[in-house]
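S.K.:
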Amino acid sequence: MSIHHSRTLVSDDFEAVNRLIVDKITAQSGLIDDLANHIIQSGGKRLRPLLVLLSSQACCYPGQNHIQLAAMIEIFHTATLLHDDVVDESTLRRGQQTAHGIWGSKASILVGDYLFTLYMQLLVALEDLSIMRLLSEISHQTACGEIRQLNNRHQETPSIDDYFEVIRAKTSLLFAASTASGAMLAKADDVTVQGLYAYGLHLGNAFQLIDDALDYCSDAQTLGKNIGDDLADGKATLPLLYALQHGTPLQQQHIKTSLSEGTLEYLPQILETIAATNAVAYTKTIAKQEVDHALTALEVLPNSAYKTALEDIARYALDRDH
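Counted from 1, the sequence shown has number 82 at position 82 by my numbering; the numbering is strictly sequential.
1. Express the C-alpha separation of Gly30 and Thr285 in angstroms, rounding to a whole number.
2. Count Cβ pairs between the segment 41–59 and the segment 173–185 that sit closer than 8 Å; are there 3 or more?
3. On the DSSP letters alone, give me the boundaries of the alpha helix (DSSP H) that Ser159 sits inside.
4. CB Gly204 to CB Ala297, shorter than 8 Å?
5. Express the C-alpha separation of Phe14 and Gly63 in angstroms, rounding to a whole number.
6. Given 8 Å as the limit, is there contact between the segment 112–119 and the segment 75–83, that is, 3 or more CB pairs closer than that?
7. Report all residues from its chain with a CB closer than 6 Å to the CB of Thr171; omit the five preceding and five following residues, and keep chain order.
8. Nearest to Asn37 by CA position, among Thr8, Leu81, Val10, Arg7, is which residue?
9. Under 8 Å between the Cβ atoms of Thr277 and Tyr306?
10. Look at Asp84 and Ala99 and say whether their C-beta atoms are less than 8 Å apart.
11. Within 10 Å of its beta-carbon, does Lys235 have 16 or more other beta-carbons around it, so buried, or fewer, so exposed?
12. Can you tell me the Cβ-Cβ gap for Leu20 and Ala58, rounded? I've got them flagged as a contact below 8 Å.
13. Please give the ranges of any beta strand (DSSP E) in the segment 100–167, keeping only runs that are unbroken, at least 3 residues long and fully inside the region.
14. Counting Cβ pairs, one atom from each stretch, are 3 or more of them under 8 Å apart for the segment 187–194 and the segment 162–178?
15. Which runs of the alpha helix (DSSP H) spanning at least 4 residues fall entirely within the segment 12–77, listed in chain order?
16. Quick one: Cα of Leu122 to Cα of Leu301, how far?
17. With a CB to CB cut of under 7 Å and the five nearest residues on each side skipped, what residues in its chain are close to Lys106?
18. Which of the three DSSP states is assigned to Ala188 in this structure?
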């Protein structure tokens, strides 16, 4: 399953979003243009703007402001990626060299800051106070999630609760904002807005869980990033946490040492432990539960091609390999 059909359903609007993003960024020149375009044109799924478009149309929105809403959410997401790669010292994203690897950390941070200001300008220009309240809170929570993840790094005995709090703040809330704001733009009732918010939240959880599973069962070429990056960063994701709980004392010590020291010395042994404890299968089972919750949340919507597309995206979250 892919998201191609879902994108085709709103293809004209999707292209309008891409044009608006490019127009806003290329209004500048030099470093901003080069660096921002590098990450925007690097093959991302544009999933968040797609969710805005589908959600607004599922709620029968008749206007054009969904284009601006979708574009600014993608610009915000792009800014967070620029900062993420600096914090994580990542060298590979989506199969390409990261921006900070090409232009340096200072440039990535400053252009990320610029994109944040562009996002805020577009948000204010939308002139919708309810959406402004929602997205300003999501922006705050995203930053809190980044700080919490940084604080949690390199702990020998990390918490599963902390893990879920981080993925909620860093990933899932922006999915929820994308779907809920589309409904809010269409002036949908509270039940519908809350249903789409819940859909986005559970969908974001599922996507992150599968991302974290793939980090231990895929390869760098398919995944678009280096295998073991999370381990080297001292990030304890669910497959690792499950293996830590169910491994032998020696296996547990390998994981604890790797997390605390940020070393890949024991990566082969840890991959064997993850396989032996069925940690990836467990993670995918939890992701499936999140998808089921997301599909249930969509029951607030009347049947339509747009609702079906949202359902397809939820199922796609489980089936992808990158």
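Positions of the beta carbon are idealized from the N, C-alpha and C atoms, including for glycine. Note that the structure is predicted; figures quoted are calculated from it, not measured.
M.R.: For this structure:
1. By 1-based counting over the sequence shown, the position of residue 285 is 285. By 1-based counting over the sequence shown, the position of residue 30 is 30. Rounded to the nearest angstrom, the two C-alpha atoms are 46 Å apart.
2. Per the Cβ contact rule, the segment 41–59 is in contact with the segment 173–185 (3 or more Cβ pairs under 8 Å).
3. To locate residue 159, count along the sequence shown from 1; it is residue 159. No alpha helix (DSSP H) holds Ser159; DSSP gives it neither H nor E.
4. Taking the sequence shown and counting its residues from 1, one reaches residue 204 at position 204. Taking the sequence shown and counting its residues from 1, one reaches residue 297 at position 297. For Gly204 and Ala297, no; Cβs fall outside 8 Å.
5. Along the sequence shown, read from residue 1 onward, the residue named residue 63 stands at position 63. Along the sequence shown, read from residue 1 onward, the residue named residue 14 stands at position 14. If you take the alpha carbons of Gly63 and Phe14, they lie about 15 Å apart.
6. Yes, the segment 112–119 touches the segment 75–83.
7. Counted from its first residue, the sequence shown places residue 171 at position 171. Same-chain partners within the cutoff: Gly204, Gln208.
8. Within the sequence shown, the letter at position 37 stands for residue 37. Selection Thr8, Leu81, Val10, Arg7 evaluated against Asn37 yields Leu81 as nearest (Cα-Cα).
9. Locating residue 277 in the sequence shown gives position 277, counting from the first residue. Locating residue 306 in the sequence shown gives position 306, counting from the first residue. Against a cut-off of 8 Å, the Cβ pair of Tyr306 and Thr277 comes out as no contact.
10. Working through the sequence shown from its first residue, we reach residue 84 at position 84. Working through the sequence shown from its first residue, we reach residue 99 at position 99. The beta carbons of Asp84 and Ala99 sit no closer together than 8 Å.
11. Position 235 of the sequence shown holds residue 235. The residue is buried, with at least 16 neighbouring Cβ atoms inside 10 Å.
12. The count along the sequence shown starts at 1 and reaches residue 20 at position 20. The count along the sequence shown starts at 1 and reaches residue 58 at position 58. At roughly 21 Å, the Cβ-Cβ gap does not stay under 8 Å, so Leu20 and Ala58 are not in contact.
13. Listed in chain order, the beta strand (DSSP E) runs fully inside the segment 100–167 amount to none, counting runs of at least 3 residues.
14. With fewer than three CB-CB distances shorter than 8 Å, the segment 187–194 does not count as touching the segment 162–178.
15. List check, alpha helix (DSSP H) in window: 31–40, 47–58.
16. Position 122 of the sequence shown, counted from the first residue, corresponds to residue 122. Position 301 of the sequence shown, counted from the first residue, corresponds to residue 301. Rounded to whole angstroms, the separation of the alpha carbons of Leu301 and Leu122 is 28 Å.
17. The sequence position of residue 106 within the sequence shown is 106, counting from 1. Close CB contacts of Lys106 within its chain, under the 7 Å cut and outside five residues either way in sequence, are absent.
18. Along the sequence shown, one-based indexing puts residue 188 at 188. Of the three classes helix, strand and coil, the one that applies to Ala188 here is coil, per DSSP.
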